[in-house]
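*Asks:* Chains as they are written, first to last, in my numbering: chain H, 877 to 1086; chain F, 877 to 1086. Yeah, the Cβ is synthetic: ideal placement off N, Cα and C, and Gly gets one too. Handing you this structure, nothing more for now.
Number of protein chains: 2
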Amino acid sequence: MGERSISIHVIERLTTYLRYLKSLPDDGTASVSATKIAAALDLNQVLVRKDLAEISSGGKPRVGYQICSLIEDIETSLGYNDSSSAILVGVGNLGRALLSHKSFRETGVRIVLAFDCDEAEIGTDCCGVRIMATEKMADLCGRLKVHIGIIAVPDTAAQEVCDMLVGCGIKAIWNFAPTHLKVPDDVIVRNENLAASLLILSQQLRERLS
Amino acid sequence: MGERSISIHVIERLTTYLRYLKSLPDDGTASVSATKIAAALDLNQVLVRKDLAEISSGGKPRVGYQICSLIEDIETSLGYNDSSSAILVGVGNLGRALLSHKSFRETGVRIVLAFDCDEAEIGTDCCGVRIMATEKMADLCGRLKVHIGIIAVPDTAAQEVCDMLVGCGIKAIWNFAPTHLKVPDDVIVRNENLAASLLILSQQLRERLS
DNA sequence: TAGATTGTTAATCGATTAACAATC
DNA sequence: TAGATTGTTAATCGATTAACAATC
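Now the structure itself:
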């Protein structure tokens, strides 16, 4: 009842608001207005106001929102408090980039283990995350209550890894391989289509120039 | 003046159609229907049909589209023919992952040069791309007619690199750093918000489970 | 012909923007 | 009080889905 879930677009913007708010000096009583946030992030004022209205405990007319409580409200709505765990498969350049990506640290999602098939890597740590042999995945996932899997392997191995993850009880997959994964109905897949992203930018540029 | 530009969503889907079509066996005369593409990629039939209608030279009722000419039509609409060049700044794990990412190769956008401030890397090659000192950026960009820049440096350096790129005449920036970049009006920025992407997946999962 | 498929037109849905009343 | 700002309601815009006619 009620509690309509937050849309993708809103979540995306909330993370940028949060970043901006944290960059502001705050003595614990400082305030900020939606107008100011919008200007700083090149967004529409009303959009920001609507986003904040959706998740915040309220601002004061003529004053704005108290920075520290707004930060708290955003973090709560993004689930920073009750955090969940994820495992990463594939510790190549991309995998390492993800493991070292600072911005995940602050997030409600933590990468707790990594898997790779390269014997030389197994048993070592990367950015504080232990790299394990893929054979141990099923056993470890069961114990750790992990529900999110990240696929950072070459596209030829992606479906195989995906099946393995599903077999381990993973219910949400973040896929960086340029492959459409086949999964059961109860598993969510989010594809990170990097090639498309670059193409989109290139097309927008072309359009602008013409 | 007709020629309305293709939307972001359509571009994204077109890249997946292309991938699927290329995976099909084709003797040069084989056909495929929108229905089949939709089923293979878990998409709505009508959506696929509308996308294809927008960019293809037409299909035949009861038969479908000729695979090889559909591939050509998609590639043309995505600008695979008149390709453009991009430079990458930051050859850490993420930068290397992008340089080695196979799917860019087939794209109309080519990464022609990389820059880094690490002396040890300068002058070496990574995946066939030469790594240069950032000081030489302005000079090289002018000669190479590059308009796209990719920022894969730590967030603390992102704005500085951004300013540098703008100074070199770059008009479109693909930003992986979790920072809102300030740019002149004639420069396009596309932010790749990885933390948000993972959060979205995590939220969708939470919603599904509850 | 019959029927699968294309392609178009209308309906729905969701997100953004605009207008405006409420408030401190 | 006057005015900046919140928050809500209505209008617009765009994307997806549904319905249906056209076609081979």
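1) Please list, in chain order, the residues of the segment 934 to 958 of chain H that have any C-beta partner in chain F closer than 8 Å.
2) Is H:S907 helix, strand or coil by DSSP?
3) Quick check on DSSP: helix, strand or coil for F:N1067?
4) What residues are listed by DSSP as bridge partners for F:A1048?
5) Would you kindly work out how many angstroms separate the C-alpha atoms of H:L894 and H:E951, rounded to a whole number?
6) What's the call for H:G935, buried or exposed, on a 16-neighbour Cβ count within 10 Å?
7) Can you list the alpha helix (DSSP H) stretches of 4 or more residues lying completely in the segment 895 to 966 of chain F, in chain order?
8) Decide yes or no for the touch test of the segment 929 to 947 of chain H against the segment 1007 to 1022 of chain H: beta carbon pairs closer than 8 Å, at least 3 of them.
9) What are the boundary residues of the alpha helix (DSSP H) that includes H:D1090?
10) Name the DSSP bridge partner or partners of H:A1034?
11) Helix, strand or coil for F:I887? Go by DSSP, reduced to three states.
12) Of all the residues that make up the segment 979 to 1008 of chain H, which are near chain F by a beta-carbon distance shorter than 7 Å?
13) Would H:I1076 and F:E1083 qualify as a contact pair, given that the criterion is a beta-carbon distance under 9 Å?
14) For F:P1054, which option in F:C1044, F:H977 and F:S1073 has the closest C-alpha, if you only look at C-alpha atoms?
15) How would you list, in chain order, the residues of chain H whose beta-carbon sits under 7 Å from the beta-carbon of F:E1083?
16) Does F:Q1080 come within less than 9 Å of chain H when only Cβ atoms are used?
17) In the segment 1038 to 1061 of chain H, which residues sit with their C-beta less than 7 Å from some C-beta in chain F, listed in chain order?
18) For the beta strand (DSSP E) that H:A1009 lies in, which residues bound it at each end?
19) Assuming H:I1007 contacts H:G999 under a Cβ cut-off of 8 Å, what Cβ separation, rounded to an integer in Å, is found between them?
20) Under 8 Å: do the segment 1037 to 1044 of chain H and the segment 972 to 986 of chain H share three or more Cβ pairs, one atom per stretch?
*Replies:* Quick look at the numbers:
1) L954 and G955
2) Correct three-state label for H:S907: strand.
3) strand
4) F:I1024 and F:I1064
5) If you take the alpha carbons of H:L894 and H:E951, they lie about 8 Å apart.
6) buried
7) Qualifying alpha helix (DSSP H) stretches, in chain order: 910 to 917, 921 to 931 and 943 to 953.
8) no
9) Because chain H spans 877 through 1086 in this model, residue 1090 of chain H falls outside it and cannot be assessed.
10) Beta-bridge pairing links H:A1034 to no other residue.
11) If DSSP states are grouped into helix, strand and coil, F:I887 belongs with the helices.
12) S979, F980, T983, G984 and V985
13) Taking 9 Å as the Cβ cut-off, H:I1076 and F:E1083 do not qualify as a contacting pair.
14) F:S1073
15) S881
16) yes
17) Taking 7 Å as the Cβ-Cβ cut-off against chain F, the residues of the segment 1038 to 1061 of chain H that qualify are K1047, A1048, W1050, P1054 and H1056.
18) Here the beta strand (DSSP E) through H:A1009 covers V1005 to A1009.
19) 7 Å
20) no
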